[in-house]
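The structure appears right after this line, and notes come after that.
Numbering (the UniProt record's numbering), first residue to last: 1 to 65.
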């Protein structure tokens, strides 16, 4: 299921952990923090972002460019 959020909503949502911007990862149905030191990925369930740090997936170590 693809993540479908209004662009206006995505503009105001922020990472609960570091307050950084979020981007949609359509392959994993997640919102991913764009701050390099954070990178938490929050699930989107039934079209609703679950912005709880306890529900977030930590980034895998050693990934990235």
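Think of the CB as a built atom: it goes at the ideal place given N, C-alpha and C, for glycine as much as any other residue.
Of the residues assessed, residue 9 falls on the exposed side of the cut-off, its CB having fewer than 16 other CB atoms within 10 angstroms. In the three-state reduction of the DSSP assignment, residue 16 falls in the coil class, being assigned neither a helical nor a strand state.
In the three-state reduction of the DSSP assignment, residue 54 falls in the helix class. Minimum Cα-Cα distance from residue 51 among the listed residues 26, 30 and 36 corresponds to 30.
When beta bridges are read from the DSSP output, residue 36 appears opposite no residue.
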